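These protein sequences, in sequence, are chains G and F.
So in this note's numbering, the last spot in the first sequence is 168, and the numbers never skip.
So in this note's numbering, the last spot in the second sequence is 505, and the numbers never skip.
For glycine and all other residues, C-beta sits at the position ideal for the given N, C-alpha and C.
From a predicted model like this one, the values you see are computed outputs, not experimental measurements.
Notes follow the structure.
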Amino acid sequence: PPAHSHSDWIGPPDKLSNLRPVIFYEPPEETALERRLREARQEAQASNQRFWARHNRAFRQEKEEFIYSRLKAKGLEMRDESGQKATLNAEEMADFYKDFLSKNLKKHLQYNRDWYKHNFKITFLMGQVALVRALRWLRRRKKNVEQ
Amino acid sequence: GFFLWHLRNAGARQIPCQFMHLYHVASNRLITFQYFNFLKRMYVTQCNKDLSQRAKPKSDSIVSPFHELQKLDEEKKVVHKISPVSPVHQSWSEMSSRNELREMKSAAETEDSVIQVGAESKEDRQWKEMKLQLDDLPGILARLSKIKLTALVVSTASAGFAMAPVPFELTCFLLASLGTGLASCAANSINQFFEVPFDSNMNRTKNRPLVRGQISPLLAVCFAASCGIPGIALLTLGVNPLTGALGAFNIFLYTCCYTPLKRMSIANTWVGAVVGAIPPVMGWTAATGSLDAGALLLGGILYSWQFPHFNALSWGLREDYSRGGYCMMSVTHPGLCRRVALRHCLALIGLSTVAPVLNITTWTFPIISLPINLYISYLGFRFYRDADRSSSRKLFFCSLWHLPMLLLVMFTCKKSILEKEDKGDQPGGSHEMAMEIRLP
């Protein structure tokens with residue numbers, strides 16, 4: 022993002038977590054409330070990034086291991102003669118998906134709770150900041166009108 | 066309603082409008098039918114992307130975006146002294162180095178098969194300012210409120226209205242439709258507000274406005290409130306309190322029950338089916354002011370329809386659901402998934418037969434609708450037996466035209482009030498009159 026910009030910038034999805042990173046703008050006269058908001062957003066972003074990067078990597082890892090073990094059981098190699106990667110069809114993968122989902126369910130329940138908490142907190146702070154800014158703007162206008 | 070909470074069109078930028086002709090409910094049916102064909106075409110292209118199984122989507126170009134990111138972070142550090150950013154940046158770089166080690170260690174080779182299609186990918190890779198662009202706002206809000214899905218919800222509600230055995234009142238109809246549409250917009254926006262990180266991780270939903278940062282969560286909530294509150298008020302005050310209560314209940318059911326339940330238990334599918342069944346009931350109560358058997362029957366038809374529709378759709382999305390942590394029957398209980406779909410296809414036949422018994426339609430309705438109900442049941446049976454991608458897709462696409470067709474036939478076989486008054490207690494004497502399509 023350019024140096025003179027006064028807003029946040031959002032980037033392309035991260036390759037591991039699929040989440041879009043945000044670079045937050047820190048205005049020079051940031052109030053305490055605004056700082057709390059920015060920090061809450063950064064904390065949520067970091068926590069989400071950690072969770073999804075780890076989770077997605079685990080998924081890919083376990084998927085590879087599953088495919089490898091299934092192919093081995095069938096007596097096939099990872100790649101056939103033409104160099105193409107051997108794949109399993111959807112029905113065979115279904116066992117893996119079911120397994121993976123049940124293994125990670127508890128992790129997801131915990132993450133859901135955390136995410137909902139973050140989300141509500143951030144949105145509530147955003148509301149407060151917006152309200153304060155609106156009141157400030159109204160007060161300034163009243164002053165200008167009076168002058 | 067529920068039937069398309071899940072149907073997303075990633076590629077769609079234009080919002081097709083003018084598919085609601087409020088003057089002719091019959092032509093409304095035809096237009097929604099054409100619309101379904103349009104949806105079908107769009108969905109096919111998406112299906113091809115989603116349903117192909119790739120063995121190893123491991124990216125070895127992870128390193129370069131991180132470097133890009135690091136450079137940007139450093140620039141930012143110099144100018145704004147953002148120290149909080151560095152832990153984030155560090156954790157990313159840690160990830161990338163750990164990743165590189167893993168890549169070297171793992172026996173299997175990795176290949177990048179991340180699917181990036183067309184112009185979207187170029188736009189995607191740029192950094193964008195998170196400032197609200199006012200000219201984009203209508204489009205953003207349309208996508209936030211899932212406007213196409215809302216339109217379909219409103220059309221099922223208007224079907225409920227049209228089937229009610231009362232004289233047609235245009236103002237009531239318009240108010241009910243508008244109120245339902247607003248309520249649906251509100252519910253959809255809250256749903257997207259709750260699901261941002263999950264939507265980012267699923268192919269079908271990764272281009273939603275909140276995921277892309279085009280709108281702030283605060284604005285999404287405000288928009289939802291500014292749609293939901295007037296919508297429910299309109300229904301309660303402008304139509305009747307029963308319809309308003311149903312609307313409010315449906316919003317609650319969708320946002321506070323269905324959405325969190327999706328990640329907790331497979332019961333979400335049944336809750337979602339109720340969510341989809343309520344709009345036609347609302348249409349009926351808007352017209353008559355009471356919840357009678359006809360309303361429940363119409364709701365029942367839509368409830369049963371949700372299952373073949375959604376179960377078939379979810380069959381092709383098992384990978385995304387598994388990774389995203391969504392508890393869906395297709396992943397955890399595949400046998401149950403197919404059984405339930407078939408069961409409800411057959412239930413549709415039964416429900417269609419009940420309609421004339423309740424005096425909603427004439428006996429021509431179950432007869433005319435039998436072919437399409439049998440066809441969807443046949444596809445449901447094929448899905449049950451074969452359990453593969455092609456049978457699930459066939460069933461899904463069939464469900465897309467089956468519903469509007471069924472509702473259209475139902476409307477044309479509607480028993481007119483005058484008829485009922487004339488015939489009084491005479492049993493089954495109105496077959497000649499039954500064939501006339503009359504708006505009472």
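Could you check if residue i is buried or exposed, using at least 16 other CB atoms within 10 Å of its CB as the buried criterion?
i: G/E112; result: exposed
i: G/H170; result: In the structure as shown, chain G begins at 22 and stops at 168. Residue 170 of chain G is therefore absent and cannot be evaluated.
i: F/Q191; result: exposed
i: F/N164; result: At F/N164, the pLDDT of 44 sits below 50, so the modelled position is not reliable and the matter cannot be decided from this model.
i: F/H409; result: buried
i: F/W370; result: buried
i: F/Y440; result: exposed
i: G/S123; result: exposed
i: F/V231; result: exposed
i: G/V166; result: exposed
i: F/S162; result: In this prediction, F/S162 scores a pLDDT of 41, lower than 50, which makes its location untrustworthy; the coordinate-derived value is nonetheless stated afterwards. Classification of F/S162: exposed, given that the 10 Å Cβ count is below 16.
i: F/F317; result: exposed
i: F/V144; result: Reliability of the predicted coordinates at F/V144 is poor, the pLDDT of 38 falling under 50, and no value is obtained from them.
i: F/T215; result: buried
i: G/D35; result: buried
i: G/H76; result: buried
i: G/W73; result: buried
i: F/G400; result: exposed
i: G/L40; result: buried
i: G/E60; result: exposed
i: F/N256; result: buried
Less than 7 Å between the C-beta atoms of residue i and residue j, yes or no?
i: F/M393; j: F/F430; result: no
i: F/K193; j: G/I31; result: yes
i: F/L442; j: F/L411; result: Reading the sequence as shown, one finds Ser at residue 442 of chain F and not Leu. Cβ atoms of F/S442 and F/L411: closer than 7 Å.
i: F/P373; j: F/S457; result: no
i: F/S313; j: F/I297; result: The displayed chain sequence assigns Ala, not Ser, to residue 313 of chain F. In contact: F/A313 and F/I297 (Cβ atoms closer than 7 Å).
i: F/S210; j: F/C250; result: yes
i: F/T360; j: F/V346; result: In the sequence under discussion, the amino acid at residue 360 of chain F is Ala, which differs from the Thr named in the question. Taking 7 Å as the Cβ cut-off, F/A360 and F/V346 qualify as a contacting pair.
i: F/L468; j: F/L444; result: no
i: F/G309; j: F/T301; result: yes
i: G/D29; j: F/M195; result: yes
i: F/Y323; j: F/G337; result: yes
i: F/G244; j: F/L363; result: no
i: F/S242; j: F/V276; result: no
Could you give the first and the last residue of the continuous alpha helix (DSSP H) run that contains residue i?
i: F/L240; result: L235 to F259
i: F/W370; result: A358 to W380
i: F/M9; result: Here chain F has residues from 66 to 505 only, and residue 9 of chain F is not among them.
i: F/C321; result: No alpha helix (DSSP H) contains F/C321, which DSSP labels as neither H nor E.
i: G/K124; result: A111 to E167
i: G/N77; result: A53 to K95
i: F/K213; result: I212 to M228
i: F/L197; result: Note, F/L197: premise wrong, no alpha helix (DSSP H); not H, not E.
i: F/H409; result: P399 to V422
Please compile the residues from chain F whose C-beta is within a distance smaller than 8 Å of the C-beta of residue i.
i: G/E112; result: A452 and D453
i: G/V153; result: Correct list: empty, because the minimum Cβ distance to chain F is about 13 Å.
i: G/R41; result: S265, V276, R277 and G278
By the criterion of Cβ-Cβ separation under 8 Å, what are the contact partners of residue i in chain G?
i: F/K196; result: S28
i: F/E384; result: M114 and Y118
i: F/A399; result: Before going on, a small fix: residue 399 of chain F reads as Pro here, not Ala. Going along chain G in sequence order, the residues near F/P399 (Cβ under 8 Å) are A115 and K119.
Residues of chain G with CB closer than 7 Å to the CB of residue i, please, in chain order.
i: F/M394; result: Under the 7 Å cutoff, chain G gives no residues; its nearest Cβ is about 11 Å from F/M394.
i: F/V286; result: T144
i: F/R190; result: P33
Compare the C-alpha of residue i against each of the options and name the closest.
i: F/T350; options: F/S249, F/K480 and F/F233; result: F/F233
i: F/S481; options: F/A227, F/L217, F/M195 and F/S455; result: F/A227
i: G/Q66; options: F/C292, F/G389, F/S434 and F/P262; result: F/P262
i: F/T236; options: F/A352, F/D451 and F/L444; result: F/A352
i: F/L239; options: F/T324, F/M470, F/L299 and F/A420; result: F/L299
i: F/L367; options: F/S254, F/G348 and F/G381; result: F/G348
i: G/A114; options: F/R447, F/R208, F/T427 and F/G381; result: At residue 114 of chain G the sequence reads Met, which differs from the Ala that was named. Closest by alpha carbon: F/G381.
i: G/A94; options: G/R160, G/F145, G/L109 and G/H139; result: G/L109
i: F/N315; options: F/A222, F/R450 and F/I414; result: F/A222
i: F/P436; options: F/L423, F/I425 and F/S417; result: F/S417
i: G/A79; options: G/R160, G/Y137 and G/L37; result: G/L37
i: F/T426; options: F/E260, F/S265 and F/L472; result: F/L472
Using a cut-off of 9 Å between C-beta atoms, extract the partners of residue i located in chain F.
i: G/S90; result: Result: empty, since nearest Cβ-Cβ is about 11 Å, beyond 9 Å.
i: G/W136; result: F259, V261, P262 and F263
Given that residue i touches chain F, what residues does it touch there, using C-beta distances under 7 Å?
i: G/F80; result: R388
i: G/F121; result: S387
i: G/G148; result: L283
i: G/N69; result: P262
Is residue i near the ligand ZN, with its Cβ less than 6 Å from a heavy atom?
i: F/N424; result: Among the ligands in the structure shown, none appear at all, so the ligand ZN cannot be discussed.
Would you mind telling me which residues of chain G sit closer than 9 Å to residue i, beta carbon to beta carbon, in chain order?
i: F/M329; result: L126, H129, L130 and N133
i: F/K271; result: P34 and N39
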